[in-house]
Ligand code: 8YV
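Residue numbers (this note's numbering): 3 to 318.
Right, here's the structure in full:
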C-alpha cells in the first residue's frame, strides 16, 4: 500500500506530479469542493502533507489527521505551519531550504530596478500608445532613480539576504543589514531597524516571519524617507500595509515593490492605480528550475520520513 498524502496546494511541474503519483496515493485537498466531507472520508489514513510556504497548515487541519507523520513544505517559510502543535504531536516538518535562494534574490533585485527605473510604468506607457503621441516623453514620464550605488539596507541576513547582498554589491551598492545579531558577513550591521532605514535608499525585506509581527511600521517608513524605496520578497505580514499605503500617499517614501501581501491572494486595491509601486503575485520562486528542485526535495523528504531516514531540510 502506498502511503497516503494530502496535498494542500498545487505543484506545477508535471514530472514532480508524476513522481508523487508513482510513490504515493495523493489526495488533492485543494481541488475538493466539500473539504469537511473529504477529511471525514480520508483524514484518518493520511500520513503526509504537502503544502506551500504561504499556505502552511493549521492546528485544526492537523488535528483531523491522526496518523500524520510529516508536513513537507514546498517552500522555505514555515511561519504558516503551527510548529508548536506539530512538535507536540511529533510530526516532522521539512522545507526546501536552499532550493529557492537564487530566484528570490534575483526577483528582489528585479523589483528594485523595476520600481526605481519605472520599468512597469514605461511598459504601460508604450503599450498604451502614448510614446508615439508624446514627442517629449519626459513630460508624462518623470526621470527615474539610479540603482547603481544606492545604499541598500537588508532586513534578515539569512540565505536570501546574503544572496541579495551579493547581487546588490555587484551594482556598487554599499550594504548594511539588520538581524537578531551580527552575522559573519562583510556588510555593516545595524541593530536598530529604524536606523537602518534612515541610512538606506532601499530597504529590502528578506526576514522570516515566524513571530508574525509587522516590522515595517509608519515610523520605519518615515525613517526610510521620501527618497527611499521598500522591497518585500519575504512575507506580507512583515509590513503594516495600511501604514505603507498612508506613507506612499503622503509622499513619505518614494515607492515600493512587493511580491508578497498580508492577505494573499488579495493585495490592497488602493495600490493598483499607483505608479510608485510594482506588484507581483508571490512569484519569487516561480521558475521551472527552482520549482523542479523544490519538488524534488519535497518528494525526497517524504520518501525519507516513510523509510525512517532523517530528511534533508528537516526543520522540526
Ligand atoms: C513559494 C514561499 O512560492 O518559500 C516560501 O516560503 O512562500 C514561496 O517561495 C511557495 O512556498 C510555493 O508553494
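All C-beta atoms in this analysis are idealised placements derived from N, C-alpha and C, irrespective of residue type, glycine included.
Computed from a predicted structure; not experimentally measured.
(request) Alpha carbon to alpha carbon, how far is residue 101 from residue 296? Give it in angstroms, no decimals. (result) 6 angstroms
(request) Enumerate in chain order the residues of its own chain whose CB-to-CB distance from residue 211 is below 6 angstroms, with the five nearest sequence positions on each side excluded. (result) 81, 237, 239, 240
(request) Kindly indicate the opening and closing residues of the alpha helix (DSSP H) around residue 44. (result) 37 to 44
(message) What does the Cβ neighbour count give for residue 243, buried or exposed, with the cut at 16 atoms within 10 Å?
(response) buried
(message) Check whether the segment 165 to 178 and the segment 94 to 112 touch, using three or more Cβ-Cβ pairs below 8 angstroms as the test.
(response) yes
(message) Can you give me the C-alpha to C-alpha distance between residue 2 and residue 280, rounded to a whole angstrom?
(response) Absent from the model: residue 2. The displayed extent of the chain is 3 to 318, so no value can be given.
(message) Quick check: the Cα distance between residue 304 and residue 76, rounded to an integer number of angstroms?
(response) 11 angstroms
(message) Which residue wins for smallest C-alpha separation from residue 284, given the options 86, 49, 110?
(response) 110
(request) Return helix, strand or coil for residue 24, following the three-state DSSP convention. (result) helix
(request) State the DSSP-derived secondary structure class of residue 298, mapped to helix, strand or coil. (result) helix
(request) Examine ligand 1 and report whether any of its heavy atoms sits within less than 8 angstroms of the Cβ of residue 296. (result) yes
(request) Output the distance between the C-alpha atoms of residue 124 and residue 117, rounded to the nearest integer angstrom. (result) 11 angstroms
(message) For the structure I just gave you, are there three or more beta carbon pairs, one from the segment 79 to 99 and one from the segment 304 to 317, closer than 8 angstroms?
(response) yes
(message) Which residues end up in the neighbourhood of ligand 1 when you take C-beta atoms closer than 5 angstroms to any of its heavy atoms?
(response) 54, 55, 56, 76, 77, 78, 79, 287
(request) Scan the segment 76 to 161 and note each continuous beta strand (DSSP E) run of 3 residues or more that stays entirely inside, going in chain order. (result) 94 to 96, 154 to 157
(message) residue 252 and residue 278 - do their beta-carbons sit closer together than 9 angstroms?
(response) no
(message) Going by beta-carbon coordinates alone, are residue 229 and residue 147 separated by less than 9 angstroms?
(response) yes
(message) Quick check: residue 217 and residue 226, are their CB atoms within less than 9 angstroms of each other?
(response) no
(request) Would you check if the distance between the CB atom of residue 300 and the CB atom of residue 48 is smaller than 9 angstroms? (result) no
(message) Please report the distance separating the alpha-carbon of residue 306 from that of residue 282.
(response) 35 angstroms
(message) Quick check on the DSSP output: the alpha helix (DSSP H) that includes residue 251 runs from which residue to which?
(response) 243 to 251
(request) Since I believe residue 220 is in contact with residue 245 (beta carbons under 8 angstroms), could you give me their beta-carbon distance rounded to a whole number of angstroms? (result) 4 angstroms
(message) On a Cα-Cα basis, can you pick out the residue from 158, 136, 169, 160 that is closest to residue 152?
(response) 169
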